[in-house]
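Structure, as structure tokens:
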Amino acid sequence: KETNTDYNNDVKLEIDESTGLISSVTMNNITTPLTQEFLFYEGYVGNNEVFENRSSGAYIFRPKNNTPTVATNRVNSTIFKGNLVTEIHQKFNDWIGQIVRLYKGENLIEFDWVVGPLPSKGFGKEVISRFVTDLKTNSTFYTDSNGREILKRVRDFRPTWNVHLEEAVSGNYYPVTSKILIKDPVKNVEVAVLTDRAQGGSSLRDGELELMVHRNCLHDDAFGVDEALNEQAFGEGLVARGSHYLVVGSADGGAAKSERDLAQRKLLQAWTFFSTIGNQSLEDYR
Amino acid sequence: QVDLNSLRQAMGVMQHHDAITGTEKEHVAHDYARILTEAIKECEIISSKALNKLVESQPSEDVNIEFSSCPLSNVSSCPFTENTENFTVTVYNPLSRPVTHFVRFPVLGEAYQITDDAGVPVETQLVPIAEFVLSIPGRKSEAVADLVFQAIDIPPLGFKSYNVQAVKRVVETKI
């Protein structure tokens, strides 16, 4: 294990040479063990005759097993260091790739994931990106489900009635409009992931965060759409691409400040236009 | 106002619960994409007009520059930046405070010089496009690298323009 990237003074990460995965992150003067990897749930397939036999589909997420399959045990990583951005290109398998970016002067790590075309043979795959830390989070995580305020979520718990979840994974999944986070109040560390679009997310074990990034379901769930969720383009399954922005900071407000700034800059991002300068000189244009 | 109507209508359609959750049939998803693409294209007309007003030095001047965006930049494909050797990048900041923004677009050349509004060169970097992005089905581009630069301190609700010029790479040879 060695520090492969020490691009700027504020943000650092380590990569485990044996797996190719990130093993620790330093940001806002906090160093925490952190691993990020891709996994997939196998979609349940049933005959849809009774509720218990409903297939996972467009309307419902029903994994066959509660434990997702790891996409790969060994990631091929290539590092491109630069004066403005350092990129780690990670190839997980034939249908999952990711570019991890550290920008000059930015207190964040970008995970630019490219997932698809998912294999359309065998069973449906519901792909997640999972962040694993050593934070003691006491079954608690937070999501911004309504896009306005952060809501506290407690695993296997509902605030107004005693719940017994029949489906341990999907029963703990919540909508994430733009942010999901966990906190360790004793260590005073917060780990947040900002999304570039609404996704489903959860924290199924203490110290973990997961977000679903892509899925295909090869059977209809009989809730009304009447077709399998297996979108195609160019004769193959869709490729989904998006970004997760990781922020690590202190749980007593420091991280929240960074997250708010980042959310404004990423969710109301600057617009870029390209043009020629027309029939005037560059000096006139300036 | 007329130019904005198509996007207004598209946003109305996209409030249907199928569009929000993704429970529409596949051909409906394709239709949603068609409606949005056409609407955004129409809005380029009004944003281009607005930017033209901002770049005019005299109100009576008719500069008529066509400002375009790159909707395929998510697969590192942009015919304009790939096929133009000298062009302008205008970055608009929709926030009410100054921001610094990393700009990235695909290019075919080996070296570029970017200057800011004062003619001062800014730092640039060419980053290879990941192999798995190059092989995304349907990607039609010969670009193998993205050009990255930092647009520093774009004013609130304002813009900054940068000039991009492809240059010949100088190779020093010691004899």
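In order, the protein sequences belong to chains A and B.
Quick note: the first sequence, position 117, residue 117 per the working numbering, numbers continuous.
Quick note: the second sequence, position 82, residue 368 per the working numbering, numbers continuous.
Think of the CB as a built atom: it goes at the ideal place given N, C-alpha and C, for glycine as much as any other residue.
Check whether residue i and residue j have beta carbons under 9 Å apart
| i | j | result |
| --- | --- | --- |
| B:Phe435 | B:Val408 | yes |
| B:Pro441 | B:Pro380 | no |
| B:Cys364 | B:Ala429 | yes |
| A:Val11 | A:Leu84 | no |
| A:Thr143 | A:Tyr174 | yes |
| A:Val191 | A:Val248 | yes |
| A:Phe131 | A:Glu42 | no |
| B:Leu433 | B:Phe366 | no |
| A:Phe157 | A:Ser202 | no |
| A:Arg54 | A:Thr19 | no |
| B:Asn465 | A:Ile277 | No answer is possible for residue 465 of chain B: the residues shown for chain B start at 287 and end at 461. |
| A:Phe51 | A:Gln98 | no |
| B:Ser355 | A:Phe274 | yes |
| A:Phe111 | A:His244 | yes |
Chain-ordered neighbours of residue i on chain B, where CB pairs are closer than 7 Å
| i | result |
| --- | --- |
| A:Glu126 | The contacting residues do not exist; A:Glu126 stays about 13 Å from chain B at best. |
| A:His89 | Ala416 |
Euclidean distance between Cα positions of residue i and residue j
| i | j | result |
| --- | --- | --- |
| A:Leu229 | B:Ile422 | 20 Å |
| B:Glu342 | B:Ala325 | 27 Å |
| A:Tyr59 | B:Ile438 | 44 Å |
| B:Ser334 | B:Ser292 | 16 Å |
| B:Val377 | A:Asn28 | 28 Å |
| A:Ser170 | A:Phe234 | 32 Å |
| A:Glu2 | B:Asn360 | Note that A:Glu2 scores a pLDDT of 44, beneath 50, so its modelled location is shaky; the value from the coordinates is reported in the next line. A:Glu2 and B:Asn360: Cα-Cα distance of roughly 32 Å. |
| A:Lys125 | A:Phe40 | 6 Å |
| A:Trp161 | A:Arg205 | 22 Å |
| A:Gln36 | A:Leu165 | 27 Å |
| A:Asn4 | A:Ser77 | Reliability of the predicted coordinates at A:Asn4 is poor, the pLDDT of 47 falling under 50, and the value obtained from them is presented with this limitation in mind. Taking the straight line from one Cα to the other gives about 11 Å. |
| A:Glu208 | A:Asp184 | 12 Å |
| A:Trp271 | B:Ile321 | 21 Å |
| A:Asp221 | A:His89 | 36 Å |
| A:Pro33 | A:Ser56 | 34 Å |
| A:Glu283 | B:Lys311 | 53 Å |
| A:Ile128 | B:Arg425 | 25 Å |
| A:Val114 | A:Trp95 | 8 Å |
| B:Gln301 | A:Pro119 | 31 Å |
Within chain B, the residues that residue i reaches when beta carbons sit closer than 8 Å
| i | result |
| --- | --- |
| A:Ala233 | Pro423, Gly424 |
| A:Gln36 | Neighbours of A:Gln36 on chain B: none; closest Cβ ~16 Å, over 8 Å. |
| A:Val114 | Ala416, Phe418, Val419, Ile422 |
| A:Arg265 | Leu381, Val385, His387 |
| A:Pro117 | Pro423 |
Bridge partner(s) assigned by DSSP for residue i
| i | result |
| --- | --- |
| A:Ile22 | A:Ile15 |
| A:Lys289 | Because chain A spans 1 through 286 in this model, residue 289 of chain A falls outside it and cannot be assessed. |
| A:Asn172 | Paired residue(s): none; A:Asn172 is not in a bridge. |
| A:Glu236 | A:Ala233 |
| A:Pro63 | A:Gly43 |
| A:Met27 | A:Ile30 |
| A:Leu89 | The sequence given here places His at residue 89 of chain A; Leu does not occur at that position. Answer is A:Thr78, A:Ile99. |
| A:Val114 | A:Gly97, A:Arg241 |
| A:Ser275 | B:Thr374 |
| A:Gln36 | A:Phe131 |
| A:Lys187 | Answer is none; A:Lys187 lacks a bridge partner. |
| B:Ala319 | Note: B:Ala319 sits in no beta bridge, so no partner. |
| A:Phe141 | A:Arg153 |
Proximal residues of chain B, C-beta to C-beta of residue i below 9 Å
| i | result |
| --- | --- |
| A:Arg241 | Asn360, Val361, Val419, Ile422 |
| A:Asn83 | Glu409, Thr410, Gln411 |
Closer than 8 Å at the beta carbon, the chain A residues around residue i
| i | result |
| --- | --- |
| B:Ser355 | Trp271, Thr272, Phe273, Phe274 |
Cross-chain neighbours of residue i in chain A, by beta carbon under 7 Å
| i | result |
| --- | --- |
| B:Asp317 | Result: empty, since nearest Cβ-Cβ is about 13 Å, beyond 7 Å. |
| B:Gly308 | Ala58 |
3 or more residues per run - each beta strand (DSSP E) lying fully within the region 335–401 of chain B: 372–378, 385–393, 398–401
- request: Go through the region 403–447 of chain B residue by residue and report every complete run of the beta strand (DSSP E) that reaches 3 residues or more, in order.
  value: 410–414, 431–440
message: My parser needs the alpha helix (DSSP H) runs of 4 or more residues fully inside the region 244–272 of chain A; what are they?
response: Listed in chain order, the complete alpha helix (DSSP H) runs (minimum 4 residues) inside the region 244–272 of chain A are 254–267.
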